[in-house]
Amino acid sequence: MCATCGCGPTSHHEHDHGHSHGTNHQKTGKTIVDVEQDILQENNLLAARNRGFFEGRNILAINLVSSPGSGKTTLLERTLTDLKGTLSFAVIEGDQQTANDADRIHATGTKVTQINTGKGCHLDAHMVLHAVQGMKLSADSILFIENVGNLVCPAMFDLGEQERAVVISVTEGEDKPLKYPDMFHTSTLCIINKTDLLPYVKFNVEKAKEYARQVNPSLEIIELSCTSGEGMQLWYDWLKSKVLTPA
Amino acid sequence: MHELSIVMSIVDLATKEAAKHHASAIEEIELDIGCLSGIDMDSFDFAWQQAVKSTILESAKKKVNRIEGSTRCSDCDTHFTMVQLYDSCPNCKSHLAEIVRGKELKVKSLVLPD
Numbered sequence: 002m003c004a005t006c007g008c009g010p011t012s013h014h015e016h017d018h019g020h021s022h023g024t025n026h027q028k029t030g031k032t033i034v035d036v037e038q039d040i041l042q043e044n045n046l047l048a049a050r051n052r053g054f055f056e057g058r059n060i061l062a063i064n065l066v067s068s069p070g071s072g073k074t075t076l077l078e079r080t081l082t083d084l085k086g087t088l089s090f091a092v093i094e095g096d097q098q099t100a101n102d103a104d105r106i107h108a109t110g111t112k113v114t115q116i117n118t119g120k121g122c123h124l125d126a127h128m129v130l131h132a133v134q135g136m137k138l139s140a141d142s143i144l145f146i147e148n149v150g151n152l153v154c155p156a157m158f159d160l161g162e163q164e165r166a167v168v169i170s171v172t173e174g175e176d177k178p179l180k181y182p183d184m185f186h187t188s189t190l191c192i193i194n195k196t197d198l199l200p201y202v203k204f205n206v207e208k209a210k211e212y213a214r215q216v217n218p219s220l221e222i223i224e225l226s227c228t229s230g231e232g233m234q235l236w237y238d239w240l241k242s243k244v245l246t247p248a
Numbered sequence: 402m403h404e405l406s407i408v409m410s411i412v413d414l415a416t417k418e419a420a421k422h423h424a425s426a427i428e429e430i431e432l433d434i435g436c437l438s439g440i441d442m443d444s445f446d447f448a449w450q451q452a453v454k455s456t457i458l459e460s461a462k463k464k465v466n467r468i469e470g471s472t473r474c475s476d477c478d479t480h481f482t483m484v485q486l487y488d489s490c491p492n493c494k495s496h497l498a499e500i501v502r503g504k505e506l507k508v509k510s511l512v513l514p515d
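Residue numbers (this note's numbering), protein chains in the order written: chain A, 2 to 248; chain W, 402 to 515.
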């Protein structure tokens, strides 16, 4: 492989930088620029801007992350329905394609915006910034940002949220926290969902909690079922505990 | 494949820096990528090959400094090397540790032709 441009036998792209492979490369007359910049700085700056906006309006922004099918949207549907009139909500839905999830949230009567990432595997702060610009969010409210179903990529991208909640369901393996440690490491809350199915699956809740706390000892954990309603009150109490009383 | 987004951010950053110095090409780029930063290097290299085509980094030599995870146990102050985020302190087995190094993800320097 050519050490200058990395082109190898499998990549025959055209380039015009005029060196001949395997011969002397010019060593003199170079400028070395010390950059020392974080690669994610643009995302992090926009995330900081989002966070400032949320704090200024006393909006509790929660980034919901999980694998596809863990029940994020169902959790939101139930939450928005049960807490209607108690707290003020808005939702940003992130999916590669379709507005299906936004339609489900819309049906609960909640303000919702859908972001389609196309081929993208995660939301970033820039997408959230633009979604928020079009939403006219009320002050003293909760904004749920449902990320693209993916336990890997969204971990790296700060959206400006105050809390990151990772959802796993008992139909998955209890070793998810060890297999995808970055997501559990960066989350503040872990929701173990679909506990009504525990009699039918081999999921060991205590093991899952132990693994999650190995990755992140300060992670809060709530077990619940959106179908039976068991544990939902713990989640609602958690939400209420995070909402700041308006000054 | 968040590695593709990361590579595209590097291309943007390098393009802006090169423009400041009126450079039309970059000979070499030096990156710090910590072992705990969440980057899979195979995916990164694959994304790099594709994403730098027709950009200022197309011909650039990529130098990557991999920085191993270095942590300090919050319970007993022992410094230890962390390979996985769930590694416990070798002295007291606590999982409560502060990551000192290993989360780096940055462009360190560029070499521009004159």
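Heads up, the beta-carbon is just placed ideally off N, CA and C, and yes, glycines get one too.
**Report entry** C-beta neighbour in chain A for H423 (chain W), strict 8 Å
**Finding:** Here residue 423 (chain W) refers to the residue found at position 22 when the second sequence is read from its first residue. So, not an interface residue.
Query raised in the report: What is the rounded straight-line gap between the Cα of V512 (chain W) and the Cα of I430 (chain W)?
Result: The residue labelled residue 512 (chain W) in the question sits at position 111 within the second sequence. The residue labelled residue 430 (chain W) in the question sits at position 29 within the second sequence. Roughly 6 Å separates the two Cα atoms.
Query raised in the report: Of all Cβ atoms in chain W, is any one closer than 8 Å to the Cβ of A156 (chain A)?
Result: Here residue 156 (chain A) is taken as the residue at index 155 of the first sequence, counted from 1. Yes, because at least one Cβ of chain W sits closer than 8 Å to the Cβ of A156 (chain A).
**Report entry** Rounded separation between H422 (chain W) and A126 (chain A) - CA only
**Finding:** Counting from 1 along the second sequence, the entry for residue 422 (chain W) is found at position 21. Counting from 1 along the first sequence, the entry for residue 126 (chain A) is found at position 125. When rounded, the distance between both Cα atoms is 29 Å.
Query raised in the report: Residue range of the beta strand (DSSP E) that T32 (chain A) falls in?
Result: Mapped onto the first sequence, residue 32 (chain A) falls at position 31. Note, T32 (chain A): beta strand (DSSP E), 31-39.
Report task. Please look up how many angstroms separate the CB atoms of I106 (chain A) and L77 (chain A), rounded, as I've assumed it's under 8 Å. Result -> Taking the first sequence and counting its residues from 1, one reaches residue 106 (chain A) at position 105. Taking the first sequence and counting its residues from 1, one reaches residue 77 (chain A) at position 76. With a Cβ gap of about 6 Å, I106 (chain A) and L77 (chain A) count as contacting.
Query - the region 37-68 of chain A: positions lying closer than 7 Å to chain W by Cβ - result: Listed by position along the chain: E37, Q38, D39, I40, L41, E43.
Query raised in the report: How many whole angstroms separate the CB atoms of E162 (chain A) and A62 (chain A), which I take to be in contact at a CB cut-off of 8 Å?
Result: Counting from 1 along the first sequence, the entry for residue 162 (chain A) is found at position 161. Counting from 1 along the first sequence, the entry for residue 62 (chain A) is found at position 61. That belief holds up - the Cβ atoms of E162 (chain A) and A62 (chain A) are roughly 4 Å apart, short of 8 Å.
Query raised in the report: Would E282 (chain A) be called buried (16 or more neighbouring beta carbons within 10 Å of its own) or exposed?
Result: Lying before the first or after the last residue shown, residue 282 (chain A) is absent from chain A, which here runs from 2 to 248.
Query - Endpoints, the beta strand (DSSP E) within which R165 (chain A) is located - result: Stepping through the first sequence from its first residue, residue 165 (chain A) is reached at position 164. 164-170 is the extent of the beta strand (DSSP E) around R165 (chain A).
Query raised in the report: Does DSSP put K203 (chain A) in a helix, in a strand, or in coil?
Result: Here residue 203 (chain A) corresponds to residue number 202 of the first sequence, with the count starting at 1. K203 (chain A): coil per DSSP, three-state reduction.
Query raised in the report: What number of angstroms, rounded off, separates the C-alpha of T228 (chain A) from the C-alpha of K494 (chain W)?
Result: Indexing the first sequence from 1 puts residue 228 (chain A) at position 227. Indexing the second sequence from 1 puts residue 494 (chain W) at position 93. Rounded to the nearest whole angstrom, the C-alpha separation of T228 (chain A) and K494 (chain W) is 38 Å.
Report task. Determine whether the Cβ of L1 (chain A) lies closer than 8 Å to any Cβ atom of chain W. Result -> Since the displayed chain A opens at 2 and closes at 248, residue 1 (chain A) lies outside it and no answer follows.
Query raised in the report: In whole angstroms, what separates the C-alpha of V66 (chain A) from that of G72 (chain A)?
Result: Here residue 66 (chain A) refers to the residue found at position 65 of the first sequence. Here residue 72 (chain A) refers to the residue found at position 71 of the first sequence. Between V66 (chain A) and G72 (chain A), the C-alpha separation is close to 10 Å.
Report task. Return yes when the Cβ of I434 (chain W) is within less than 8 Å of the Cβ of T472 (chain W), no when it is not. Result -> Taking the second sequence and counting its residues from 1, one reaches residue 472 (chain W) at position 71. Taking the second sequence and counting its residues from 1, one reaches residue 434 (chain W) at position 33. At the C-beta level, T472 (chain W) and I434 (chain W) stay beyond 8 Å of one another.
Requested in this report: Measure from the C-beta of T24 (chain A) to each C-beta in chain W and report whether the shortest distance is under 8 Å.
Outcome: Counted from its first residue, the first sequence places residue 24 (chain A) at position 23. In this prediction, T24 (chain A) scores a pLDDT of 31, lower than 50, which makes its location untrustworthy; no coordinate-derived value is stated.
Report task. Tell me whether V367 (chain W) is buried or exposed, calling it buried when 16 or more other Cβ atoms sit within 10 Å of its Cβ. Result -> No information on residue 367 (chain W) is available, as it lies outside the stretch 402 to 515 that chain W covers here.
**Report entry** Nearest to G95 (chain A) (by Cα), restricted to the options A:F145, A:V216, A:R50
**Finding:** Along the first sequence, read from residue 1 onward, the residue named residue 95 (chain A) stands at position 94. For the set A:F145, A:V216, A:R50, the Cα lying nearest the Cα of G95 (chain A) is the one of A:F145.
Query raised in the report: How would you write the range of the alpha helix (DSSP H) that E459 (chain W) sits in, first residue to last?
Result: As a first step, residue 459 (chain W) is located in the second sequence; it is residue number 58 there, counting from the start. Careful: E459 (chain W) lies outside any alpha helix (DSSP H) and carries neither H nor E.
Report task. Tell me, please, whether the CB atom of S471 (chain W) is closer than 8 Å to any CB atom in chain A? Result -> Here residue 471 (chain W) refers to the residue found at position 70 of the second sequence. Contacts with chain A at 8 Å (Cβ-Cβ) do not include S471 (chain W).
Report task. Give the DSSP bridge partners of G57 (chain A), in chain order. Result -> Within the first sequence, numbered from 1, the residue matching residue 57 (chain A) stands at position 56. Answer is none; G57 (chain A) lacks a bridge partner.
Query raised in the report: Do you know whose CA, among W:V412, W:P491, W:H496, lies nearest W449 (chain W)'s CA?
Result: Within the second sequence, the letter at position 48 stands for residue 449 (chain W). When only C-alpha atoms are compared, the closest one is W:V412.
Requested in this report: Identify every residue that forms a DSSP beta bridge with R473 (chain W).
Outcome: Taking the second sequence and counting its residues from 1, one reaches residue 473 (chain W) at position 72. According to the DSSP secondary-structure assignment, R473 (chain W) is paired through a beta bridge with W:H480, W:E499.
Requested in this report: Have a look at the DSSP bridge pairing and note the partners of P514 (chain W).
Outcome: Walking along the second sequence from the start, residue 514 (chain W) turns up at place 113. DSSP output for P514 (chain W) lists A:K31 as bridge partner(s).
Query - Closer than 7 Å at the beta carbon, the chain A residues around V508 (chain W) - result: As a position in the second sequence, residue 508 (chain W) is number 107, starting the count at 1. Here the neighbours are V36, Q38, I40.
Query raised in the report: In whole angstroms, what is the alpha-carbon distance linking K417 (chain W) and F158 (chain A)?
Result: In the second sequence, the residue the question calls residue 417 (chain W) occupies position 16. In the first sequence, the residue the question calls residue 158 (chain A) occupies position 157. For K417 (chain W) and F158 (chain A), the distance between alpha carbons rounds to 22 Å.
**Report entry** Residue(s) in a DSSP beta bridge with V453 (chain W)
**Finding:** Stepping through the second sequence from its first residue, residue 453 (chain W) is reached at position 52. Paired residues: none, contrary to the question.
Query raised in the report: CB-CB under 6 Å to S170 (chain A), same chain, minus the five flanking residues each way: which ones, in chain order?
Result: Here the question's residue 170 (chain A) lines up with position 169 in the first sequence. Answer for S170 (chain A): S71, G72, N194, K195, listed in chain order.
Query raised in the report: Can the beta-carbon of L190 (chain A) be found closer than 8 Å to that of A166 (chain A)?
Result: Position 189 of the first sequence, counted from the start, is the residue given in the question as residue 190 (chain A). Position 165 of the first sequence, counted from the start, is the residue given in the question as residue 166 (chain A). For L190 (chain A) and A166 (chain A), yes; Cβs fall inside 8 Å.
Requested in this report: Could you say which of A:S89, A:L46, A:G150, A:N45 lies nearest to Q97 (chain A) if we only look at CA atoms?
Outcome: As a working note, residue 97 (chain A) is residue 96 in the first sequence. In terms of Cα proximity to Q97 (chain A), the closest of A:S89, A:L46, A:G150, A:N45 is A:G150.
Report task. Could you tell me the distance, in whole angstroms, from the CA atom of H496 (chain W) to the CA atom of L199 (chain A)? Result -> In the second sequence, counting from the first residue as 1, residue 496 (chain W) sits at position 95. In the first sequence, counting from the first residue as 1, residue 199 (chain A) sits at position 198. Taking the CA atoms as reference points, H496 (chain W) sits about 28 Å from L199 (chain A).
Requested in this report: Measure the beta-carbon distance from P514 (chain W) to A420 (chain W) and round it to whole angstroms, keeping in mind my assumption that it falls under 8 Å.
Outcome: The count along the second sequence starts at 1 and reaches residue 514 (chain W) at position 113. The count along the second sequence starts at 1 and reaches residue 420 (chain W) at position 19. Contact between P514 (chain W) and A420 (chain W) fails: their C-beta atoms lie close to 15 Å from each other, not under 8 Å.
**Report entry** the region 53-62 of chain A touching the region 108-116 of chain A, judged by at least three CB pairs closer than 8 Å
**Finding:** Contact between the region 53-62 of chain A and the region 108-116 of chain A is absent: fewer than 3 CB-CB pairs across the two stretches fall below 8 Å.
Report task. Run the CB neighbour count on A1 (chain A), radius 10 Å, all protein chains shown included, and call it buried at 16 or more, exposed below. Result -> Residue 1 (chain A) lies beyond the stretch modelled for chain A, which goes from 2 to 248, so this question has no answer here.
Report task. Throw me the rounded Cβ distance for the E231 (chain A) and D197 (chain A) pair, which I believe falls under 8 Å. Result -> Residue mapping note: residue 231 (chain A) aligns to position 230 of the first sequence, counting from 1. Residue mapping note: residue 197 (chain A) aligns to position 196 of the first sequence, counting from 1. Taking the Cβ atoms as the reference, E231 (chain A) lies roughly 7 Å from D197 (chain A), within the contact range of under 8 Å.
Query raised in the report: If N51 (chain A) sits next to V133 (chain A), beta carbons under 8 Å apart, how far is it from one beta carbon to the other, in whole angstroms?
Result: In the first sequence, counting from the first residue as 1, residue 51 (chain A) sits at position 50. In the first sequence, counting from the first residue as 1, residue 133 (chain A) sits at position 132. Yes, they are in contact, since the Cβ atoms of N51 (chain A) and V133 (chain A) sit about 7 Å apart, within 8 Å.
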